[in-house]
Amino acid sequence: MTATTPGAVDWRSAWTAALDDLEMDVLAVETMLADERRIAETPPSDLWRPPTELGALPLELRPRADEILTRQLAAAEEIARRLTANRQQMAVTSRIETGEAIKRPVYLDCAM
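Per UniProt numbering, the very first residue in the sequence shown carries number 1; after that it's consecutive.
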């Protein structure tokens with residue numbers, strides 16, 4: 001068993017805390033995507049900011065960081081998909097005539 005230096009423990013702890021914060025941010029986005037009503041009612045209040053002066057990621061935390069990145073990319077893809085669907089829906093609804101602006105006849109009598 002090898003002894004770890006206090007600096008190595010602090011470095012690993014700092015990275016673990018940074019990944020914890022990032023994972024909570026991804027979880028919040030995933031939760032909002034799962035509940036559309038919550039998106040409208042609860043805007044995000046505390047956006048994640050990358051920590052500074054951490055140095056290189058410890059190798060043992062790489063799988064966790066990769067998994068968080070995969071989840072982030074999936075959430076970003078879902079957000080983009082929903083934005084596209086929303087734009088398409090807005091385009092369709094903007095073309096729907098309400099009948100208020102232009103009064104048109106309801107029927108045309110061609111018997112005459």
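Glycine included, each C-beta is placed from N, C-alpha and C at the ideal position. In this text, all values refer to a predicted model and were calculated from it rather than measured experimentally.
Alpha-carbon spacing of residue 80 relative to residue 57, whole angstroms = A straight line joining the alpha-carbon of residue 80 with that of residue 57 spans about 29 Å.
State the Cα-Cα distance for the pair residue 64 and residue 34, rounded to the nearest angstrom.
-> Rounded to the nearest whole angstrom, the C-alpha separation of residue 64 and residue 34 is 22 Å.
Skipping 5 residues on each side, what residues in its chain have a beta carbon closer than 6 Å to that of residue 20?
-> When the five nearest sequence neighbours on each side are left out, no beta carbon in the same chain lies closer than 6 Å to the beta carbon of residue 20.
Is it true that the CB of residue 23 sits closer than 8 Å to the CB of residue 96?
-> Cβ distance not < 8 Å, so residue 96 and residue 23 don't count as in contact.
Taking the alpha helix (DSSP H) that residue 63 falls in, what are its first and last residues?
-> Element bounds for residue 63: 62-95.
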